[in-house]
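Residue numbers (this note's numbering): 46 to 663. Where a beta carbon is used, it is the ideal one built from N, C-alpha and C, also for glycine. In what follows, a single structure is set out as structure tokens and then discussed.
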Amino acid sequence: MILTWDLNFHDGLPRGGILYERIKIMKLGRFWRTVRHLNADQWRYRLTRRGQHYIAQLIPGIWSSHIDSLSERLPIGDPTRKNLNLIADQTFAFQTAAYGFQLDDMALGKFTFLGETVDFGGIDKIDWRRRNGIKNNLLWRLNLGYMGYTVPWLAKGNSLSLDRTVGLIHSLQEQNSWSSPGVFKDIWNPYTASHRLINLLSGLNLYGRAGGNLKAAGVALILNHCRYAAAYVAVNLERDLQFNHLMKNYVALAVYVATLEKLPSQWSFLPRAVMTSVNQNFLSDGGHVERSPMYHLLGLLDLRILKKSGVIIGPEEDKLIDCERQATQALSLLSHPDGDIALFNDSWLGDTPSAAAAAGQSPKPGRHDLSDTGYVRLDGGDDIVIMDVGQCGPDENPAHAHADFLSVEVSVGGKRFLVDPGTTAYAPGTARDFCRSASSHNGPHLVGAEPIEFWNSFRVGRRGTAIPLKGLNDIAPLWVSGRQNGYGHLGVEVRRFVGLWPDHAVIIADLWIGESLTNRAMTRFLIPSDWDFKKEGKGSFACGDCFVKLELAVGKAGTATSAEWWPNFGVPKAAHEVSIAGEQVDKCSFHGLVIIFYWGECPRVDGHALLRRLKNLG
Numbered sequence: 046m047i048l049t050w051d052l053n054f055h056d057g058l059p060r061g062g063i064l065y066e067r068i069k070i071m072k073l074g075r076f077w078r079t080v081r082h083l084n085a086d087q088w089r090y091r092l093t094r095r096g097q098h099y100i101a102q103l104i105p106g107i108w109s110s111h112i113d114s115l116s117e118r119l120p121i122g123d124p125t126r127k128n129l130n131l132i133a134d135q136t137f138a139f140q141t142a143a144y145g146f147q148l149d150d151m152a153l154g155k156f157t158f159l160g161e162t163v164d165f166g167g168i169d170k171i172d173w174r175r176r177n178g179i180k181n182n183l184l185w186r187l188n189l190g191y192m193g194y195t196v197p198w199l200a201k202g203n204s205l206s207l208d209r210t211v212g213l214i215h216s217l218q219e220q221n222s223w224s225s226p227g228v229f230k231d232i233w234n235p236y237t238a239s240h241r242l243i244n245l246l247s248g249l250n251l252y253g254r255a256g257g258n259l260k261a262a263g264v265a266l267i268l269n270h271c272r273y274a275a276a277y278v279a280v281n282l283e284r285d286l287q288f289n290h291l292m293k294n295y296v297a298l299a300v301y302v303a304t305l306e307k308l309p310s311q312w313s314f315l316p317r318a319v320m321t322s323v324n325q326n327f328l329s330d331g332g333h334v335e336r337s338p339m340y341h342l343l344g345l346l347d348l349r350i351l352k353k354s355g356v357i358i359g360p361e362e363d364k365l366i367d368c369e370r371q372a373t374q375a376l377s378l379l380s381h382p383d384g385d386i387a388l389f390n391d392s393w394l395g396d397t398p399s400a401a402a403a404a405g406q407s408p409k410p411g412r413h414d415l416s417d418t419g420y421v422r423l424d425g426g427d428d429i430v431i432m433d434v435g436q437c438g439p440d441e442n443p444a445h446a447h448a449d450f451l452s453v454e455v456s457v458g459g460k461r462f463l464v465d466p467g468t469t470a471y472a473p474g475t476a477r478d479f480c481r482s483a484s485s486h487n488g489p490h491l492v493g494a495e496p497i498e499f500w501n502s503f504r505v506g507r508r509g510t511a512i513p514l515k516g517l518n519d520i521a522p523l524w525v526s527g528r529q530n531g532y533g534h535l536g537v538e539v540r541r542f543v544g545l546w547p548d549h550a551v552i553i554a555d556l557w558i559g560e561s562l563t564n565r566a567m568t569r570f571l572i573p574s575d576w577d578f579k580k581e582g583k584g585s586f587a588c589g590d591c592f593v594k595l596e597l598a599v600g601k602a603g604t605a606t607s608a609e610w611w612p613n614f615g616v617p618k619a620a621h622e623v624s625i626a627g628e629q630v631d632k633c634s635f636h637g638l639v640i641i642f643y644w645g646e647c648p649r650v651d652g653h654a655l656l657r658r659l660k661n662l663g
């Protein structure tokens, strides 16, 4: 994610018109609601980095000399050092999971990232600056620049893999001078450089362990590039973005330190900075502050790299170990019985190891609260519910937030039944807007309104929050209830109760409190097409030996229609969409619905009484 501000005032309108001026005022208000949450460090480092990049493009020789000087003050890394061995093993497992299926294609210059394929026609013909209209082109170029695919190549220990990697570095350096437009946004984005540093050093370690010649000239070139990247990252720390970006910068520097005899004097800040970043990213319940299960998994892997790097020693090491343990437990709570993560808030599958591989544990049956992170898990073995009852994200940068307040993911019989839409795009546009919207999630929403003011790809202006509620624990064996205030500017509060009877049923009760709710109170449920829809009676879904029926106690049922979800980034899969409208309850100023999904005995619940009780919760 790149922090940029594009107000785009004109929108094709004549300047000076009443409508133009009104839109300008509205967008200025949105801009203020966004930036008022930024802290002083973010402003300061934003301006500092922008200034550095401006000078680099204006007078590239000065910037190049500056980085050269900083690089020469660093020792050359030794990829055979013991601390790097375990890091390299982890990196290999990660990159093999991400790219193992296409390594041969990549060796021929054909790369697939994020559901998009580009065939350069040869490894020696890569265009690092290619801009050809690929959706999410920026993120695609970032992945190309990570060079994660070089890790399993180099792990073979043969000279061909080394020569191939050396050729990539040569072409990258030749095509990406400091004066190149956009170079600081992609190939020399500090986040990209951090990934590349970790991957290349890990790859060289594996290359040597596999019998490769570490005295070859190509190895020296790679090590020099790593030293240069380390120097660059150290003076371009992403303190403007913070969170997972800044932590990745520190992890990269820690990996470089793992190749040295001792911590360089100019990096004496690193141990303290690392722990500050760890404490910023991981909350006391083990959850990740950005509330994305995928970024949580990535952060957990970063914790393990930090632990192995040797940068953190003494009492702080114990804190790091404890944080890793809690983060592992939290990840298991944000996973499904199929062994992979839930898809809340910019998450997707396929580009990381599975949650089962990363966590290696299964939660015990019962209710589990991640109180600080804002999730509740109802665990009935093969039947589970995960519900979002937290804020949209950290105020300073909720870039990966989706409007999934009170949304649920549900597995039945070990199979995903109600699914989050996933992530279809990072580039600005209708696709990105949709996957972030409330109407795309399994939560109660208002038609034509959003509880979060999204704009651009990662910006958030007005933002609401969700919190859990106490009570209604006598309805179902496992339960969770909560409310969200994202529609407060419209005078509407939304509440939800979810109850789970393991091996039997899930009940969902939604409540909208406010005026003028007719035809606006709506809940959407997204069901993968693996579940065949059978319109028998009130409707049901079948998947293998699992058979789930629907019963609507309160509300106005719609039919099951065709939809899509994106469990892998940008790659659509077919799904069913069931939309249910809330109905007015007791001629009062609130609307509600109650739906039961059951695969065993259907529980008997008075829907109207449940909604009245939900309304009266404190």
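Using 8 Å for Cβ pairs, my map puts residue i next to residue j. What's the rounded Cβ distance?
i	j	result
G481	H534	For the record, residue 481 in the displayed sequence is Arg; it is not Gly. With a Cβ gap of about 18 Å, R481 and H534 do not count as contacting.
P398	L246	Contact flag wrong, Cβ pair sits at about 20 Å.
A299	R126	In fact, because the Cβ distance is near 13 Å, the residues do not count as touching under 8 Å.
W576	F462	7 Å
R75	E498	6 Å
Taking just the CA atoms, how far does residue j sit from residue i?
i	j	result
V560	I625	Before going further, note that residue 560 is Glu rather than Val in the sequence given. So the two alpha carbons sit approximately 19 Å from each other.
N390	S485	12 Å
A654	Q529	21 Å
S377	A261	44 Å
Y236	T195	17 Å
D449	G253	47 Å
R569	L597	13 Å
F614	D396	9 Å
T93	S416	36 Å
L282	D367	26 Å
D169	S574	42 Å
L315	L119	14 Å
R272	G160	32 Å
I43	A85	Within the shown structure, residues of the chain are numbered from 46 to 663, placing residue 43 beyond reach of any answer.
R89	L217	30 Å
N182	I121	34 Å
V430	S322	31 Å
R241	Q220	16 Å
L394	K460	15 Å
N661	Q371	35 Å
Y301	L153	30 Å
Applying the 10 Å Cβ sphere with the 16-neighbour rule, what's the burial state of residue i?
i	result
S337	buried
Q436	buried
D208	exposed
Y99	exposed
F146	exposed
V280	exposed
W233	buried
V639	buried
A608	buried
S110	exposed
D172	exposed
I512	exposed
Q406	exposed
L205	exposed
S329	exposed
Taking Cβ positions, are residue i and residue j nearer each other than 9 Å?
i	j	result
M292	N326	yes
N294	S239	yes
P408	D428	no
D285	R91	yes
F542	L517	yes
L451	G527	yes
P410	A521	no
S456	H381	yes
T157	G248	no
R540	P489	yes
L571	N442	no
G600	G637	yes
G627	M567	yes
V421	V525	yes
For residue i and chain B, any beta-carbon pair shorter than 9 Å?
i	result
H270	Included in the structure is just one protein chain, with no chain B present.
Cβ pair count under 8 Å reaching 3, the segment 193-205 against the segment 252-272: yes
Quick one: any contact between the segment 377-388 and the segment 497-506, if contact means 3 or more CB pairs under 8 Å? These segments do not touch.
Would you call the segment 308-316 in contact with the segment 344-353, where contact means no fewer than 3 C-beta pairs closer than 8 Å? Touching, no.
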